[in-house]
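First to last, the sequence lines map onto chains A and B. Terminal number for the first sequence in this note's numbering: 584, no gaps in between. Terminal number for the second sequence in this note's numbering: 661, no gaps in between. Structure, as structure tokens:
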Amino acid sequence: MQSDARMDEIRDGLSEVECDVLVLGGGTAGPMAALRAKKKNPKATVILLEKANVKRSGAISMGMDGLNNAVIPGYATPEQYTKEITIANDGIVDQAAVYKYAENCYDIIQELDRFGIRFQKDENGEYDVKKVHHLGTYVLPMPNGETVKKALYRQLRRERILISNRYMATRLLTGPTGRVAGVIAFNTRTAEFIVVKAKAVIMCMGAAGRLGLPVSGYLYGTYENPTNSGEGYAMAYHAGAALANLECFQINPLIKDYNGPSCAYVAGPFGGYTANSRDERFIECDYWSGQMMQEFYQELVSGKGPVYLKLNHLQPETAEHIEDILHKVERPSRGRFHENRGTRYAQSMIEMHISEIGFCSGHSASGVFVDDFARTTVPGLYAAGDMASVPHNYMLGAFTNGAIAGEDAMGFADGHDFESFDAGDVAAEQTRIMAPTTREDGLPPNQIEYKVRRFVNDYLQPPKVTAKYEIAQRRFAEIRQDAEERMMVRDAHELMRAAEVWSILDCADMAAYASLYRTESRWGLYHMRADYPERDEDNWRCHVLLSKKDGEMHCEKRDVAPYIVPISDEEMGAYYRQRITATA
Amino acid sequence: MPLANTPTSVPVLVDAEKCIADKGCTVCVDVCPLDVLRISEDTGKAYMKYDECWYCMPCEADCPTNAVTVTIPYLLR
Ligand SMILES: Cc1cc2nc3c(=O)[nH]c(=O)nc-3n(C[C@H](O)[C@H](O)[C@H](O)COP(=O)(O)OP(=O)(O)OC[C@H]3O[C@@H](n4cnc5c(N)ncnc54)[C@H](O)[C@@H]3O)c2cc1C
Ligand code: SF4
Ligand code: SF4
């Protein structure tokens, strides 16, 4: 038995291993990427490297309530889905990747079914898909959603994927031509380093979930799994990859204080909805989008808040049935939260609020820029799931695009040898990470993190004000200097927290920089710029790509790829017509 | 600047009577995504060492003896 003090003791160590395809992050997209890569070439070596433990890591650690974006024949077509997502994202969508997802996701549902994950069917044995989105029907409940992680893990073991748990990746290694060569990571319980050389690398490290500070002030009381502290974004940036639309923040309507989904996707089909403090419904559609969040925000500033999830008009049995679903699977501690507060869904409305900001393409559109093969702009480097730029991708998107990435990455690995890298880069990274262990005295990472994230709330939370953003940039630079000169840790666990501080700071800087670049408002609340309140289709109907050029942050415009599914101007405005005018 | 000992009340409780860490179990320590649980050198039982919890509950769900109880962290309770 390894007891506690020994477990977190800082040790020296550096080892090197190699594989054909390396997957970083074993949450949702990662396991599927690893499985698909191995299926494509069973003789190849695939390593899945994970900061936590693949058994219970990521957004779905306990399970999921349902598929939020299933495109199922008979209910929806890839054309309809692509159109809905394009409209929900104000037109800033490269449709090829969305369309490909929509075409492939039904096969993935069947594959998950074969893994033992079941989806709700009606009395005729057809998938019981529900309408939650503004236009189409895409939500499919998962009655045994708590089995997802176990089912995936079984497959990983069966296919003999090599799993490295408790390794935190911190930097990608690249070769002389810019191609990816591998990754450097450290063991979060011993601080020993590992270099994994790989012919292709797939990043599946989730959202940047620890960017804003939750209203509770608790650093880990985030919407996202707080293990996802933004390394994916930071590592892609430092490797020279482009990141897309980081100014399109993730902001969610959540249960106040608990900070989990409320969850209208589950409650909506039973007749639950979002209401103001006068008991009035003010939006037609509870599907999360920037436009919906803007209406939510307007309701709060107009003095009609708080905003609530309303279920107390339903039959008591219905409300209790919803409680039963919501308090068991995805965020099972939700029931305990309500119990403490004495909230029963059949009796009282549930207070909601606007979450802290983050980056996440799973719910929004901020991610590492990828094409329809999940390729980033760095050769041999792929990204899938919440950290890749395919918008509103959710869980099924993580699975589907993980599979697409796995297959293409193995193809790439089969056609290439290992890329060389500079050993000096490894040494420099070890020095950077270990710096806080060399100090006897200084600032602990939790204090530095708290301060960055509080300033993120004070200055970056929309509406975005130029002068406030400029103050934020100065504060972040000061904190960065504090961290460089004074951050100190006492054990390997704290070293992980210190390494996360750097990702959080990088993401805060990127959020500020990308937001200042786009001088218009778009995506409702996600990019509501007070100094530029209008959408500017002439100048900003484009992506913003952020990348590192000559060591500095840089933004540029990139045209939206020509649409595969045409959309009329009239249709394009649909998400701006959600407010129920009768209550205005 | 020296460090202070500011206390926090942890949200995860382990029933020492039920915990079989002294027989080699480390399940809760293994599965926690935030890696905040440890086996105590003093008592040989599992406990929450770092107050960094997502109140997600794998520790409770996977414990073979039902020794773990997850409560909501006080700041957001
Ligand atoms: C509370 C909640 C409820 C949701 N409900 C639904 C729903 O009902 N339906 C739906 O379709 N979608 C839902 N979603 C969205 C969906 O869960 C996500 O879009 C999807 O799971 C993301 O998968 P991912 O692989 O990108 O990230 P994750 O599954 O979060 O995996 C990321 C992995 O990377 C690891 N990692 C992070 N940093 C590092 C590092 N430095 N080194 C190594 N590993 C690292 C993490 O530990 C984690 O395992 C929900 C999300 C949340 C948070
Ligand atoms: S899982 Fe349960 S029995 Fe095992 S160490 Fe943890 S508390 Fe003890
Ligand atoms: S509730 Fe989740 S984060 Fe908290 S100790 Fe248990 S497994 Fe870890």
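All C-beta atoms in this analysis are idealised placements derived from N, C-alpha and C, irrespective of residue type, glycine included.
Does the beta carbon of residue i come closer than 8 Å to any beta carbon on chain B?
i, result
"F115 of chain A", "no"
"R56 of chain A", "yes"
"M1 of chain A", "Residue placement at M1 of chain A is flagged as unreliable, the pLDDT there being 45, under the threshold of 50; a coordinate-derived value is accordingly withheld."
"S216 of chain A", "yes"
"N53 of chain A", "yes"
"P226 of chain A", "yes"
"P332 of chain A", "yes"
"M7 of chain A", "yes"
"L140 of chain A", "no"
"R336 of chain A", "yes"
"M203 of chain A", "no"
"G442 of chain A", "yes"
"M487 of chain A", "no"
"M62 of chain A", "yes"
"R480 of chain A", "no"
"L219 of chain A", "yes"
"R166 of chain A", "yes"
Check this for me: beta carbons of residue i and residue j, under 8 Å apart or not?
i, j, result
"I350 of chain A", "I202 of chain A", "no"
"A191 of chain A", "A492 of chain A", "yes"
"A151 of chain A", "I117 of chain A", "yes"
"A29 of chain A", "H392 of chain A", "no"
"C647 of chain B", "C612 of chain B", "yes"
"L211 of chain A", "A511 of chain A", "yes"
"A498 of chain A", "P562 of chain A", "no"
"Y218 of chain A", "I194 of chain A", "no"
"R522 of chain A", "L505 of chain A", "no"
"A514 of chain A", "V544 of chain A", "yes"
"A403 of chain A", "A52 of chain A", "no"
"R11 of chain A", "K149 of chain A", "no"
"P586 of chain B", "D90 of chain A", "no"
"V329 of chain A", "G145 of chain A", "yes"
"P226 of chain A", "M641 of chain B", "no"
"V501 of chain A", "E449 of chain A", "yes"
"D372 of chain A", "K40 of chain A", "no"
"S61 of chain A", "S229 of chain A", "no"
"D668 of chain B", "T590 of chain B", "The structure shown does not extend to residue 668 of chain B, since chain B is modelled only from 585 through 661, so no value can be given for it."
"V46 of chain A", "L135 of chain A", "no"
Hey, is residue i's beta-carbon within less than 8 Å of any beta-carbon in chain A?
i, result
"V615 of chain B", "yes"
"L618 of chain B", "yes"
"T655 of chain B", "yes"
"L587 of chain B", "yes"
"M641 of chain B", "yes"
"L660 of chain B", "yes"
"C637 of chain B", "yes"
Three-state secondary structure (DSSP) at residue i?
i, result
"R522 of chain A", "strand"
"A244 of chain A", "strand"
"N124 of chain A", "coil"
"P436 of chain A", "helix"
"T177 of chain A", "coil"
"M235 of chain A", "helix"
"I251 of chain A", "coil"
"I47 of chain A", "strand"
"L14 of chain A", "strand"
"C263 of chain A", "coil"
"I184 of chain A", "strand"
"T653 of chain B", "strand"
Less than 8 Å between the CB atoms is what I'm expecting for residue i and residue j, so what's the real figure, rounded?
i, j, result
"Q578 of chain A", "M292 of chain A", "6 Å"
"Y526 of chain A", "S364 of chain A", "6 Å"
"I325 of chain A", "Y345 of chain A", "Actually they do not touch by this definition, with Cβ atoms about 11 Å apart."
"L246 of chain A", "N457 of chain A", "17 Å between Cβ atoms; not a contact."
"E224 of chain A", "G209 of chain A", "3 Å"
"H133 of chain A", "Y382 of chain A", "That pair is no contact at about 28 Å."
"E407 of chain A", "A44 of chain A", "The Cβ separation is near 12 Å, so there is no contact."
"A605 of chain B", "A630 of chain B", "5 Å"
Any heavy atom of ligand 4 inside 7 Å of the beta-carbon of residue i?
i, result
"D614 of chain B", "For ligand 4, the structure offers nothing, since it holds only ligand 1, ligand 2 and ligand 3."
Hey, does residue i have any beta-carbon neighbour from chain C nearer than 8 Å?
i, result
"H353 of chain A", "The question asks about chain C, but that chain is absent: this structure's protein chains are A and B."
(Q) At 4 residues or longer, what runs of the alpha helix (DSSP H) sit wholly inside the segment 466-542 of chain A? (A) 466-486, 492-517, 537-540
Q) Which ranges would you report for the alpha helix (DSSP H) in the segment 328-413 of chain A if only whole runs of at least 4 residues count? A) Runs of the alpha helix (DSSP H) lying entirely within the segment 328-413 of chain A, each at least 4 residues long, are 334-341 in chain order.
Q) Quick one: complete beta strand (DSSP E) runs, 3+ long, within the segment 130-170 of chain A? A) 162-164
**Q.** alpha helix (DSSP H) runs wholly inside the segment 38-122 of chain A, at least 4 long, in chain order
**A.** 78-88, 95-115
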